[in-house]
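Student:
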Amino acid sequence: MPGSLHLGHAESHPSPNREVVSTSNAPKAIGPYSQGIKAGDFLFTAGEAGVDPATGKLVEGGIAAQTRRALENVRAILEAAGTSLQRVVKCGVFLADLADFQAMNAVYAGFFPADQGPPARTTVQAAKLPMGALVEIDAVALLG
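To convert, note that position 18 of the sequence shown is 31 in this note's numbering; the numbers rise steadily by one, no gaps.
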């Protein structure tokens, strides 16, 4: 019918501009999501908590240790996709308690030094994080 809007069905196969990224160097997904997705010129990571990929458990040592492990997990996904922390353009940081901001930020700064133009970032307090985590971090990075 002329002038009508036709909504087609979603494709059942992945687009050539979309690719799943997976690595054993980061924790396995605990739900229906991917560790990372390459889309066009970007990589989008899932939120990563301070989970040791070898044990599947949160690391001990509080916010600093969990932040370090979360960022190591993000780095592993980035590297599996052929990119790096230096190519990250945006991070999201979710804290169980915003009182942990300074301790998280001190560790974060070691991965994204101020003198190297760190990525844009949003940091919020979340009511509750999976597995009782203190922090969860996701990233968007340039590919290539």
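Beta carbons: idealized from backbone N, C-alpha and C, even for Gly.
Can you give the Cα-Cα distance for G63 and N86, rounded to whole angstroms?
Tutor: Straight-line Cα distance between these residues: approximately 8 Å.
Student: By a C-beta neighbour count over all protein chains shown, 10 Å radius and 16 as the cutoff for buried, is V137 buried or exposed?
Tutor: It is exposed - the Cβ of V137 has fewer than 16 other Cβ atoms within 10 Å.
Student: Quick one: using the 10 Å Cβ neighbour count with 16 as the cut-off for buried, is I43 buried or exposed?
Tutor: It is exposed - the Cβ of I43 has fewer than 16 other Cβ atoms within 10 Å.
Student: In angstroms with no decimal places, state the Cα-to-Cα distance between T80 and T58.
Tutor: Rounded to the nearest angstrom, the two C-alpha atoms are 16 Å apart.
Student: Alpha carbon to alpha carbon, what distance is there between A78 and E32?
Tutor: Computed Cα separation, rounded: 31 Å.
Student: Would you mind reading off the limits of the beta strand (DSSP E) that contains T136?
Tutor: Unbroken beta strand (DSSP E) run through T136: 133-138.
Student: By the DSSP assignment, the beta strand (DSSP E) with A52 in it spans what residues?
Tutor: Here the beta strand (DSSP E) through A52 covers 49-52.
Student: If we count the other Cβ atoms within 10 Å of its Cβ and call it buried at 16 or more, is E73 buried or exposed?
Tutor: It counts as exposed.
Student: Assuming F55 and V153 are in contact, meaning their beta carbons sit under 8 Å apart, how far apart are those beta carbons, in whole angstroms?
Tutor: Right, the Cβ-Cβ distance comes to about 6 Å (below 8 Å), so this counts as a contact.
Student: Which parts of the stretch 67-114 are runs of the beta strand (DSSP E), unbroken and 3 residues or longer, counting only runs that do not cross its ends?
Tutor: Counting only runs of 3 or more, we get 101-108.
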